[in-house]
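A.B. asks:
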Amino acid sequence: MRVLLLTASSDVDVMAHGVFKYSFFGHEAWITTTHISLLFIMLILIAFSIVGGIVIRKGAEVPGAFQNVVELIVEKLDGMVDGTMGKNSTKYRNYISTIFIFILFSNISGLLGLRPPTADYGVTFPLGVVTFTLVRFNQFKYHKPKEIWTDMCSPLPPWLPIWFPINVISELAVPISLSLRLFANVLSGTIMMALVYGLLKWASVIWPAALHVYFDLFSGAIQTYVFCMLTMTYVSNAIGGEE
Amino acid sequence: MEFNREFILGCSAIGAGLAVIAGIGPGVGQGIAAGHAAAAVGRNPGAKSSITSTMLLGQAVAETTGLYGLLIAFLLLFLKPLLWGVN
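In the order they appear, the protein sequences are chains X and W.
Numbered continuously in this note's numbering, the first sequence closes out at residue 243.
Numbered continuously in this note's numbering, the second sequence closes out at residue 1087.
Right, here's the structure in full:
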């Protein structure tokens, strides 16, 4: 039993590893596998965007294969943002499309043998915080402080702020639940794959491809969609009604 | 009372097993969502794509509580926080 536990914990590789240690204003800091995966993804995305930009600028009348793909991606993403945010969509197309492509590539980077960066809470939490900041910013931009106060005391009248702390907690839970959802999904997929490869060793040859399709492609795409969808919903709720 | 390493590891494993019981709730919830979506598609086959995307969104949100349980189980199994004080 002891032996099994020990071998399991030594072969199963689920955590992010430190690769390079450096000193940051006297603190010990590490470049981890997450940074390296992020760097690869950034390089891929930058190369793709540069090539895509060049192709679109030339803009053949009858689009070639690559131009078709780029136009399809942009059209689909714009359609998604338009369908959810309605009249507010124009300002948020860029941001939502960017995080969509970034999270999607991060989630499916397990296929390339990288450790998905979104399986690190340090990557997903800032994304949640950005959403939270957007929501607060838009709330203060489009509403008067009195309206916000009434909203925060909502089930009770505004002169009786008993419900206020509970509403504050529920607002603060938004970025945490957003980021934990993405993090836990990708982490669980990573750990499942690490268990399959680490414990079965030679027996895990071809069939884990099916697991990769589910854990990396399907789950990753769904979670990306959910993250962007919820961000858009929260932001358009904060912007408010159709007046 | 002194607890040794193996006892705490075993208790962590039991705790991890208990934590993933949280998976029951999302299972029931996702099943209900899928059932209603199937009924909705049967009633209005034209709206199949929007029903499917709404169902998947709802299911992914409902999955969150189960994932919290799974996260606790992973923490107990791999990070072993209960062992931090012990040697």
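Don't be surprised by glycine CBs; every beta carbon is placed ideally from N, CA and C.
Taking C-beta pairs closer than 7 Å, name the residues in chain A that W/Val1041 reaches, listed in chain order.
C.D. replies: Absent here is chain A; the protein component of the structure consists of chains X and W.
A.B. asks: So which residues of chain W does X/Val174 contact, with C-beta pairs closer than 7 Å?
C.D. replies: Position 174 of the first sequence, counted from the start, is the residue given in the question as residue 174 of chain X. Under the 7 Å cutoff, chain W gives no residues; its nearest Cβ is about 12 Å from X/Val174.
A.B. asks: Spell out whether any CB of chain W is found under 8 Å from the CB atom of X/Ala184.
C.D. replies: Within the first sequence, the letter at position 184 stands for residue 184 of chain X. With 8 Å as the cut-off, X/Ala184 counts as an interface residue toward chain W.
A.B. asks: With a cut-off of 8 Å, does the C-beta of X/Ile96 fall near any C-beta of chain W?
C.D. replies: As a first step, residue 96 of chain X must be located in the first sequence, where it is residue number 96. Output row for X/Ile96: interface = no.
A.B. asks: Count the other CB atoms within 10 Å of the CB of X/Arg2; is the residue buried (16 or more) or exposed (fewer)?
C.D. replies: Here residue 2 of chain X corresponds to residue number 2 of the first sequence, with the count starting at 1. Bear in mind that a pLDDT of 45 at X/Arg2, under 50, signals an unreliable position, so the number given afterwards is only what the model happens to contain. The residue in question, X/Arg2, is exposed, as its Cβ has fewer than 16 Cβ neighbours within 10 Å.
A.B. asks: Go ahead and label W/Cys1011 buried or exposed: buried means 16 or more other beta carbons lie within 10 angstroms of its beta carbon, across all protein chains shown.
C.D. replies: Position 11 of the second sequence, counting from 1, holds the residue named residue 1011 of chain W. Exposed, since its Cβ has fewer than 16 Cβ neighbours within 10 Å.
A.B. asks: In terms of alpha-carbon separation, which member of X/Gly110, X/Ile50, X/Ile222 and X/Thr90 lies closest to X/Thr33?
C.D. replies: Walking along the first sequence from the start, residue 33 of chain X turns up at place 33. Per the Cα distances, X/Gly110.
A.B. asks: Below 8 Å on C-beta distance, what does W/Gln1067 contact in chain X?
C.D. replies: Reading the second sequence from its first residue, position 67 is the one you call residue 1067 of chain W. In the sequence on display, residue 1067 of chain W carries Leu and not Gln. Residues of chain X passing the Cβ test: Leu180, Arg181, Ala184, Asn185 and Ser188.
A.B. asks: Only counting the same chain, and skipping five residues up and downstream in sequence, which positions put a Cβ closer than 8 Å to that of W/Leu1070?
C.D. replies: Along the second sequence, one-based indexing puts residue 1070 of chain W at 70. Result list for W/Leu1070: Ala1019, Val1020, Ala1022 and Gly1023, in chain order.
A.B. asks: Could you tell me whether any Cβ in chain W is nearer than 8 Å to the Cβ of X/Val226?
C.D. replies: Along the first sequence, one-based indexing puts residue 226 of chain X at 226. At least one chain W Cβ lies under 8 Å of X/Val226.
A.B. asks: Report the option in X/Pro208, X/Asn138, X/Val130 and X/Phe105 whose CA atom is closest to the CA atom of X/Leu43.
C.D. replies: Within the first sequence, numbered from 1, the residue matching residue 43 of chain X stands at position 43. Cα-wise, what sits closest to X/Leu43 is X/Phe105.
A.B. asks: If you reduce the DSSP assignment to three classes, tell me which class X/Val29 lands in.
C.D. replies: Mapped onto the first sequence, residue 29 of chain X falls at position 29. Before going on, a small fix: residue 29 of chain X reads as Ala here, not Val. X/Ala29 falls in the strand class under three-state DSSP.
A.B. asks: How would you list, in chain order, the residues of chain X whose beta-carbon sits under 7 Å from the beta-carbon of W/Ala1060?
C.D. replies: In the second sequence, the residue the question calls residue 1060 of chain W occupies position 60. Going along chain X in sequence order, the residues near W/Ala1060 (Cβ under 7 Å) are Ile222, Gln223 and Val226.
A.B. asks: Would you please state the rounded distance, in angstroms, between the beta carbons of X/Leu178 and X/Thr131? I believe it to be under 8 Å.
C.D. replies: Start at 1 with the first residue of the first sequence, and residue 178 of chain X comes out as number 178. Start at 1 with the first residue of the first sequence, and residue 131 of chain X comes out as number 131. About 6 Å separates the two Cβ atoms, so the contact holds.
A.B. asks: Under 9 Å, CB to CB, which of the residues in the stretch 89-115 of chain X have a partner in chain W?
C.D. replies: Answer in chain order: no residues at all.
A.B. asks: Would you check if the distance between the CB atom of X/Ala119 and the CB atom of X/Thr190 is smaller than 8 Å?
C.D. replies: Residue numbering aside, residue 119 of chain X sits at position 119 when the first sequence is read from its first letter. Residue numbering aside, residue 190 of chain X sits at position 190 when the first sequence is read from its first letter. Yes, the pair counts as a contact, with Cβ atoms nearer than the cut-off.
A.B. asks: What are the partner residues of X/Phe20, as DSSP defines its beta bridges?
C.D. replies: Counted from its first residue, the first sequence places residue 20 of chain X at position 20. Answer is X/Ile31, bridged to X/Phe20.
A.B. asks: Whole angstroms are fine: how far does the CA of X/Leu114 sit from the CA of X/Ser37?
C.D. replies: Taking the first residue of the first sequence as position 1, residue 37 of chain X is located at position 37. Taking the first residue of the first sequence as position 1, residue 114 of chain X is located at position 114. Straight-line Cα distance between these residues: approximately 6 Å.
A.B. asks: My guess is that W/Gly1085 and W/Gly1025 are in contact by the Cβ rule of under 8 Å, so how many angstroms apart are they, rounded?
C.D. replies: Counting from one through the second sequence, the residue named residue 1085 of chain W turns up at place 85. Counting from one through the second sequence, the residue named residue 1025 of chain W turns up at place 25. No, W/Gly1085 and W/Gly1025 are not in contact; Cβ-Cβ is about 32 Å, not under 8 Å.
A.B. asks: Measure the CB-CB distance between X/Val226 and W/Leu1057 and report whether it falls below 8 Å.
C.D. replies: Taking the first sequence and counting its residues from 1, the one referred to as residue 226 of chain X is at position 226. Taking the second sequence and counting its residues from 1, the one referred to as residue 1057 of chain W is at position 57. Cβ distance < 8 Å, so X/Val226 and W/Leu1057 count as in contact.
A.B. asks: Could you round the C-beta distance between X/Ile99 and X/Leu72 to whole angstroms and report it? I think they count as a contact, below 8 Å.
C.D. replies: The residue given as residue 99 of chain X occupies position 99 in the first sequence. The residue given as residue 72 of chain X occupies position 72 in the first sequence. Not a contact, Cβ separation roughly 19 Å.
A.B. asks: Look up W/Glu1002 in the DSSP assignment and say whether it is helix, strand or coil.
C.D. replies: Taking the second sequence and counting its residues from 1, one reaches residue 1002 of chain W at position 2. Here W/Glu1002 sits in coil by DSSP.
A.B. asks: With a threshold of 8 Å between beta-carbons, can X/Ser23 be considered close to chain W, or not?
C.D. replies: Numbered from its first residue, the first sequence carries residue 23 of chain X at position 23. So no, X/Ser23 is outside the interface.
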